[in-house]
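Counting from 1 along the sequence shown, just add 17 to a position and that's the residue number in the working numbering. So the structure is just underneath, and the comments pick up after that.
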Amino acid sequence: MATTTALHLADYTVTEAGFGADLGAEKFLDIKTPNLPTSPDAVVIVATLRALKMNGGVAKDALTEENVEAVRAGFANLKRHVENIRKFGIPAVVAINEFVTDTEAEIAVLKELCASIDVPVELASVWANGAEGGVALAETIVETIEKNPANYTRLYDNDLSVQEKIEKIVTEIYRGSKVNFEKKAQTQIAQIVQNGWDKLPICMAKTQYSFSDNPNALGAPENFEITIRELVPKLGAGFIVALTGDVMTMPGLPKRPAALNMDVESDGTVLGLF
């Protein structure tokens, strides 16, 4: 409803899908988009140099240190996200979410790597510079939309079986080789079919830290197996949740959200952001 309203009120509508593009973008494009009056003209993949370095093998306590080679190694992860978005027939744009610890050398090599796969890339410094820090990114997105019209296509047809839809996501988006269904999941699939719910799309519940269901498998792993432990129909929302590993579906926030520490004074000063 919010997206449809925005489409009627603005020249451009931006929706945050959340987490990695293997999760948020895939769900947006396979579950939400078919229920919209239109489809996306572009997908912006937000990348950070810290995340790339972590996917390149750098320990968390060293992510603020310059490491150009780790950026190169971790780029395999970002490259796969770009490839996945292109499977949907939609142009991708990479936004580098700038941190104060990013170095010119790291930014330069990331731009070079993005150019090597022909994906537009722009630095976004909105955190530090407000709206001005996002102007260049917005201009790049508009230019991309105008030069490269989208030709949206879904990853799978809802008429496929529950197992086939999950296998499509695992093999084509995650790049796994096999899906294992635990006994409980197999029983639930039979119940889903019996009740006529098997034509619903799939909402994967998986770690956001890896393409696999193992949060420690960073970078761009391939040929792994994913285990589905449970399937939960969400009939009001109109999809089937497939749970992997020991992931929790809710809540997605810490026990005490940061918003509880925020306030606005009478003069407009915002408190508690940091």
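Note that beta-carbon positions come from the ideal geometry of N, C-alpha and C, so glycine has one too.
- Bridge partners of Leu140 according to DSSP: Ile113.
- The C-beta of Val210 has fewer than 16 other C-beta atoms within 10 Å across all chains shown, which makes the residue exposed.
- Exclusion of the five residues before and after Ala234 leaves Ser227 as the residues of its chain whose Cβ lies within less than 6 Å of its Cβ.
- In this structure the stretch 196–209 touches the stretch 237–257; the number of beta carbon pairs closer than 8 Å is three or more.
- The Cβ neighbour count for Glu86, taken over all protein chains shown within 10 Å, is under 16; the residue is labelled exposed.
- Rounded to the nearest angstrom, the gap between the Cα atoms of Thr20 and Gly285 is 29 Å.
- The C-beta distance from Lys195 to Glu242 rounds to 4 Å, short enough to meet the 8 Å contact threshold.
- In this structure, the alpha-carbon of Arg103 lies about 45 Å from that of Glu282.
- Annotated three-state conformation of Asp39 is helix, per DSSP.
- In the DSSP annotation of this structure, the continuous segment of the alpha helix (DSSP H) that includes Lys185 starts and ends at 179–185.
- Proximity of the stretch 213–222 to the stretch 182–189 meets the contact definition, three or more beta-carbon pairs being nearer than 8 Å.
- Each of Lys44, Asp28, Leu53 was checked against the Cα of Phe256, and the nearest Cα belongs to Lys44.
- In the DSSP assignment, Lys104 falls within the unbroken alpha helix (DSSP H) covering 85–104.
- Assignment of Leu130 by DSSP, reduced to helix, strand and coil, places it in the helix class.
- For Asp135, the closest alpha carbon among the candidates Ala148, Ala109, Ile158 is that of Ala109.
- Residue burial is scored here from C-beta neighbours: Met18 has fewer than 16 other C-beta atoms within 10 angstroms and is therefore classed as exposed.
- Sequence-distant partners of Leu53 (beyond 5 residues in either direction) whose C-beta falls short of 7 Å from its own C-beta, in its chain, are Thr20, Thr21.
- When the alpha-carbon of Ala254 is set against those of Trp214, Ala155, Asn165, the nearest one is in Trp214.
- The beta carbon of Lys182 lies closer than 6 Å to those of Tyr173, Ile219 in the same chain, with the five residues before and after it left out.
- Closest by C-alpha distance to Gln225, out of Asn94, Ile162, Ala207, Glu139, is Asn94.
- In the structure shown, Lys77 adopts helical secondary structure according to DSSP, grouped into three states.
- When C-alpha distances from Gly236 are compared across Phe36, Met71, Ile48, the shortest belongs to Met71.
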